[in-house]
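Inspection log for the structure reproduced underneath, given as structure tokens.
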Amino acid sequence: MKIKEVEIRTIELPLVRPFRTSFGTQLERPLLLMKITTHEGAEGWAECVAMEAPLYSPEYMAGSQDVIERFLLPAIFEYGDIRPEEVAGALRPFLGHQMAKATIETAILDAQLKLDGISFGSYLGANKEEIDCGVSVGIANSIEALVEEVSQYVSDGYRRIKLKIEPGWDLEPVSVIRGLWPEIPLQVDANQAYTRNDIALLKKLDPFNLLLIEQPLDEHDVLGHAMLAAEVETPICLDESITSFEAARDALAMKATTVINIKPGRVGGYLESVRIHDLCVENGIPVWCGGMLETGIGRAANVALAALPGFTLPGDTSASSRFFTRDITNPFVMEEGRLRVPTGPGIGVDIDHDFIEEITTSRKMITAP
């Protein structure tokens, strides 16, 4: 398959409600969209999950667009005929920039699978027709507001609740939510907000029967996570620390985690995600699919990934309405706490071209030489 043309857009989608984490508060979701057109006439779509500022990861939107235009696409064009399995090797000389690389690989994969008439799920190895949905709940302005929001998600049918925490917003909100819903699967996500000095505090979460504590310490402090895991009863899950197959392998060897959150953008794409999944299956480690406030384009691919056999915990694969009043694809609608895995060729969703035009803030066309 040979790429003829690449379109890169920036769009901005307002969120249904503000989403606050230890990194800050988001009121809208700006992101990069990529569409590739091949000489064979196929179109492939992808979104770059990098945020506007380098807070969750070193990557950020403007930087991702720059490295895509300046280095990554020229390397792909020079490669010529390329299959999705070859993208990572073609881009390996350029260090880091997993989210940017994942964008290109996903767009190429979508186009190739459309040509082949194969769905994302079938290609990746999915064995489920639908997946359980979890929801991520941001840091609220008050306990009352938190209870109101969680109540709505429980009523909607979500099968797992994840609470964002930070120092000063941890024990009380967890205690209240667990007290109101003693049986619902519940986990917390710190987004690196704590340090090794907080181990005694984090141990106080043990009585609440949590599924896991996600990324409590700095992403580079894998040893600190191993120390924490040895002290607490609640399983430790790594997110930001898992940037590659090698990072996952080493974290498991150090006993720094017993659960892994796989985010395709963070690790460089869906093919690397499958490698990490297979590693975890071999080691008896449960995995789940994290979210990055994706639109229906990224959500479709994530749902397909989450249908693989090793994804035994509900992920952040919520309905479109969790974040957006209107999605840029046909919406993902949850039924009885589950989403159906798309079965059409490629990512398997219909693109709302008119709406994308409405919310586009910039657009650039790049023609292959």
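Residue 939 in our numbering sits at position 105 of the sequence shown; the count goes up by one each step and never skips.
All C-beta atoms, glycine included, are put in the ideal place defined by N, C-alpha and C.
Model, not experiment: these values are computed from the prediction.
Using beta-carbon positions only, say whether Val1175 and Ala960 come within less than 8 Å of one another.
yes
Leaving out five residues before and five after Phe1189 in sequence, what residues of the same chain have Cβ atoms less than 7 Å from its Cβ?
Arg1160 and Ile1162
Using the three-state DSSP reduction, which class does Phe1231 fall into: helix, strand or coil?
Residue 1231 lies beyond the residue range present for the chain, which begins at 835 and ends at 1203; the question has no answer from this structure.
Excluding sequence positions up to five away, which residues of its chain have a Cβ less than 6 Å from the Cβ of Thr827?
Nothing about residue 827 can be reported from this structure: the residues present for the chain run from 835 to 1203 only.
Do you know how far the Cα of Ser985 is from the Cα of Ser976?
14 Å
Does Asn1164 come out as helix, strand or coil in the three-state DSSP assignment?
coil
Do Leu1005 and Lys1038 have their CB atoms nearer than 8 Å?
Going by C-beta atoms, Leu1005 is nearer than 8 Å to Lys1038.
Per DSSP, which one or two residues make a beta bridge with Cys1123?
Ile1096
With DSSP collapsed to three states, give me the class of Glu862.
Reduced to three states, the DSSP call for Glu862 is strand.
Taking the alpha-carbon of His1187 as reference, which of Ile1200, Arg1172, Ser856 and Met868 has the nearest alpha-carbon?
Met868
Cα separation between Asp1055 and His873?
When rounded, the distance between both Cα atoms is 46 Å.
Can you list, in chain order, the residues of its chain whose CB lies under 6 Å from that of Ile1021, leaving out five sequence neighbours each side?
This sequence places Gln at residue 1021; Ile is not what is there. Closer than 6 Å at the Cβ level, and outside the excluded window around Gln1021, lie Lys996, Leu1044, Leu1045 and Leu1046.
Classify Asp915 as buried or exposed, calling it buried when 16 or more other Cβ atoms lie within 10 Å of its own Cβ.
Looking at its Cβ environment, which holds fewer than 16 other Cβ atoms inside 10 Å, Asp915 is exposed.
Hey, quick one: how far does the beta strand (DSSP E) through Gly968 stretch, first residue to last?
Gly968 to Val971
Just mark Ala884 as buried or exposed, buried being the case when its beta carbon has 16 or more other beta carbons within 10 Å.
buried
When you compare only the Cα positions, how much space is there between Tyr1028 and Pro1001?
7 Å
On the criterion of 16 or more Cβ atoms from any shown chain inside 10 Å, does Asn1117 qualify as buried, or is it exposed?
Flag for Asn1117 reads exposed.
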